[in-house]
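In the order they appear, the protein sequences are chains Z and H. Counting from 0, one number per residue, gives the positions in the first sequence under numbering that gives the first Met the number 0. Counting from 0, one number per residue, gives the positions in the second sequence under numbering that gives the first Met the number 0. Following: one structure in structure tokens, then a few remarks.
Protein chains: 2
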Amino acid sequence: MAASSNMGLSRTSLTQQVAAQLVNYVREKGLKPGDSIPTTRSLAAKFGVNSATLREALRQLEATGGILLRHGSGIFVGPNLDRLLLANPTSPAVSMEMAIQLINARLAIEPQIAALAALNYSTDDLAVLSEALPVSRQPVTEGPRNLPSPNFHRALAAASRNVILFEIIDSILTAYRWEQHTIRVVFADRERDHQQHVSIFDAVSDRDPHRSALLTEAHLKDILGATLKAASSPSDTSPALVRD
Amino acid sequence: MAASSNMGLSRTSLTQQVAAQLVNYVREKGLKPGDSIPTTRSLAAKFGVNSATLREALRQLEATGGILLRHGSGIFVGPNLDRLLLANPTSPAVSMEMAIQLINARLAIEPQIAALAALNYSTDDLAVLSEALPVSRQPVTEGPRNLPSPNFHRALAAASRNVILFEIIDSILTAYRWEQHTIRVVFADRERDHQQHVSIFDAVSDRDPHRSALLTEAHLKDILGATLKAASSPSDTSPALVRD
DNA sequence: ATCATCCAGTGATCGGATCAATTTAGGGGG
DNA sequence: CCCCCTAAATTGATCCGATCACTGGATGAT
Chain Z
0 MAASSNMGLS RTSLTQQVAA QLVNYVREKG LKPGDSIPTT RSLAAKFGVN SATLREALRQ
60 LEATGGILLR HGSGIFVGPN LDRLLLANPT SPAVSMEMAI QLINARLAIE PQIAALAALN
120 YSTDDLAVLS EALPVSRQPV TEGPRNLPSP NFHRALAAAS RNVILFEIID SILTAYRWEQ
180 HTIRVVFADR ERDHQQHVSI FDAVSDRDPH RSALLTEAHL KDILGATLKA ASSPSDTSPA
240 LVRD
Chain H
0 MAASSNMGLS RTSLTQQVAA QLVNYVREKG LKPGDSIPTT RSLAAKFGVN SATLREALRQ
60 LEATGGILLR HGSGIFVGPN LDRLLLANPT SPAVSMEMAI QLINARLAIE PQIAALAALN
120 YSTDDLAVLS EALPVSRQPV TEGPRNLPSP NFHRALAAAS RNVILFEIID SILTAYRWEQ
180 HTIRVVFADR ERDHQQHVSI FDAVSDRDPH RSALLTEAHL KDILGATLKA ASSPSDTSPA
240 LVRD
């Protein structure tokens with residue numbers, strides 16, 4: 000049951016494996032918020048890892064909001080179970096469903112962000128935004144190690160001058176990319192994607208909130224449509240492309 | 000410099016104190032994404048804690064997306080510095096600014112969520128929503144241990160049938176309550192708050208997305224206005240109230 | 001100059017020991 | 001019989017030191 004030895008390809012750290020196992024445990028047991036989780040000692044024994052390693056996994060899940068650690072009392076499932084279970088996807092089907100929900104979430108939020116960006120952006124923001132513009136035309140720029148070049152949507156959120164909204168979009172995009180590790184969304188018309196970005200940029204720089212919102216909405220609906228089509232017809236000849 | 004002994008009231012765990020210290024270190028040093036952070040051993044010595052404790056703090060910050068741990072290479076500041084720095088607020092003034100940004104973020108998102116809820120809710124959702132309705136009238140129900148009674152806005156987000164959006168609202172509300180630990184927002188007209196909730200509920204149950212969005216927007220603008228007024232005039236006679 | 005190899009630095013994991021907070025079970029007094 | 005106070009058991013939190021595993025640069029031969 001344990002068998003966490005580094006057999007073959009073990010790209011992930013033991014700690015994260017343990018965290019994933021714990022999430023699966025909660026999932027399979029059908030535990031609900033408030034339910035208790037076995038003690039640290041028994042968990043460490045169950046997963047066949049050291050207490051320190053288990054502890055790191057616990058902290059990680061606690062930071063995410065998945066579990067609660069109460070000194071002297073025990074370990075409990077956190078209030079927001081979703082956040083815990085979404086940590087590791089179950090099946091590609093679920094992943095696709097998640098991807099669609101992610102796009103729908105963006106569809107609900109980003110038009111407002113575009114409008115706010117049009118109202119609040121500074122000259123610096125505009126510079127960053129225009130700088131992120133040509134990037135979306137590049138095929139798949141394999142940038143430096145771990146510095147993903149700021150893409151258009153992130154820059155747009157930054158221009159809205161609201162840290163919270165930026166954080167939200169950032170986390171959504173991150174989550175989306177994570178989903179893409181499982182399912183690759185085929186995006187046929189890359190040039191069209193870029194053109195839409197340009198038109199959004201123009202609307203924002205014109206300080207036109209209404210037009211910015213509408214164009215952003217249309218853009219995301221386009222992406223949603225492409226994703227839905229890709230969902231019905233599995234990956235065919237066209238290579239999987241990453242888009243932002 | 001270390002001095003992490005449990006003097007007086009130390010409600011937070013040592014691990015979290017260390018995490019906070021590390022964040023402050025990054026802040027004061029003015030480190031930017033990609034910059035390297037001292038080694039685990041030196042950090043443990045610097046903060047005067049054991050390596051295991053430091054490690055838990057690191058995992059915690061890593062899970063939040065604040066830092067990057069690379070085996071054999073080093074520790075680095077993560078791509079999203081904001082997420083790191085927002086972990087612990089600096090001053091009440093900043094906190095107030097953050098509270099306003101939080102409300103503005105809700106203002107950008109929740110109307111759309113209300114519209115989606117009007118379109119997508121099921122009978123179960125409606126039941127939960129109506130159940131959460133009378134709660135907002137209660138003064139400050141000190142519920143059981145750690146099960147915050149589902150409040151109206153959370154239920155509304157759940158009715159939108161989009162897990163991502165629910166997560167977003169949930170995190171915003173959580174963050175907001177966290178901010179309230181520092182600054183207490185005075186909300187004068189509690190009855191009005193409740194009436195607005197009721198009218199939103201009616202619009203949603205009528206499957207009227209447009210009206211739902213408009214009412215939600217008005218409701219949040221009300222809250223924003225009250226918060227802004229409280230920001231200008233510091234806490235006076237009226238007791239601080241918690242609202243949702 | 002090129003490339004394989006080695007080595008120091010650094011994070012990751014381990015094993016057990018000890019401290020601290022919580023809960024629970026008794027025991028004494030009312 | 002019930003309540004309060006104390007003590008022990010339970011469980012998470014921290015510590016300590018050691019060892020393993022990955023990376024990157026230095027070393028040296030070709």
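C-beta: ideal position from N, C-alpha, C; glycine also.
Residues in its own chain within less than 7 Å of residue i by CB, not counting five upstream and five downstream?
| i | result |
| --- | --- |
| Z:Ile245 | Because chain Z is modelled from 0 through 243, residue 245 of chain Z falls outside the range shown and cannot be assessed. |
| H:Ile199 | Ala113, Ser211, Leu214, Thr215 and His218 |
| Z:Ala202 | Ala117, Arg210, Ser211 and Leu214 |
| Z:Asp207 | Ala117 |
With a threshold of 8 Å on Cβ separation, who are the neighbours of residue i within its own chain once the five nearest residues in sequence on each side are excluded?
| i | result |
| --- | --- |
| H:Ile227 | According to the sequence as given, residue 227 of chain H is Leu; it is not Ile. These residues qualify, in order along the chain: Ile99. |
| H:Gly73 | Ser35, Ile36 and Thr38 |
| H:Val197 | Leu132 |
| H:Asn49 | Ala43 |
| H:Arg144 | Only weak support exists for where H:Arg144 lies, its pLDDT of 29 falling under 50; the value from the coordinates is given anyway. So the list is empty, once near-sequence residues are dropped. |
| H:Arg54 | Thr39 |
| Z:Asp205 | Ala117 |
| H:Leu223 | Ile99, Ile102, Asn103 and Leu106 |
| Z:Thr122 | none |
Report, in whole angstroms, the separation of the C-beta atoms of residue i and residue j, which I expect to be a contact under 8 Å.
| i | j | result |
| --- | --- | --- |
| H:Arg245 | H:Ile168 | As shown, chain H starts at 0 and ends at 243. That puts residue 245 of chain H outside it, with no answer to give. |
| H:Leu155 | H:Leu128 | 7 Å |
| H:Leu115 | H:Asn150 | With a Cβ gap of about 18 Å, H:Leu115 and H:Asn150 do not count as contacting. |
| H:Gln195 | H:Asp221 | 7 Å |
| Z:Val17 | Z:Thr63 | Not a contact, Cβ separation roughly 14 Å. |
| H:Phe75 | H:Gly47 | About 23 Å separates the two Cβ atoms, so there is no contact after all. |
| Z:Ala107 | H:Ile108 | 7 Å |
Determine the extent of the beta strand (DSSP E) in which residue i is found, giving its start and end residues.
| i | result |
| --- | --- |
| H:Val76 | Gly73 to Val76 |
| H:Arg206 | Segment: none, H:Arg206 is in no beta strand (DSSP E) and carries neither H nor E. |
| Z:Leu68 | Ile66 to Arg69 |
Under 6 Å Cβ to Cβ from residue i, same chain only, skipping five residues before and after it: list those, please.
| i | result |
| --- | --- |
| Z:Thr11 | none |
| H:Glu96 | none |
| H:Leu164 | Ile112 and Ala156 |
| H:Tyr120 | Ala158 |
| Z:Gln15 | none |
| H:Leu67 | Phe75 and Gly77 |
| Z:Pro110 | Ala212, Thr215 and Glu216 |
| H:Gly29 | none |
Residue range of the alpha helix (DSSP H) that residue i falls in?
| i | result |
| --- | --- |
| Z:Arg153 | Phe151 to Ala158 |
| H:Leu42 | Thr39 to Phe46 |
| H:Thr63 | Ser50 to Thr63 |
| H:Asn23 | Leu13 to Lys28 |
| Z:Asp123 | Thr122 to Ala131 |
With three or more C-beta pairs closer than 8 Å as the rule, is the stretch 38-58 of chain H touching the stretch 53-71 of chain Z? With the rule of 3 Cβ pairs closer than 8 Å, the stretch 53-71 of chain Z counts as touching the stretch 38-58 of chain H.
Can you confirm whether the stretch 15-33 of chain Z touches the stretch 15-34 of chain H when touching is taken to mean that 3 or more C-beta pairs between the two stretches lie within less than 8 Å? They do not touch, by the three-pair rule.
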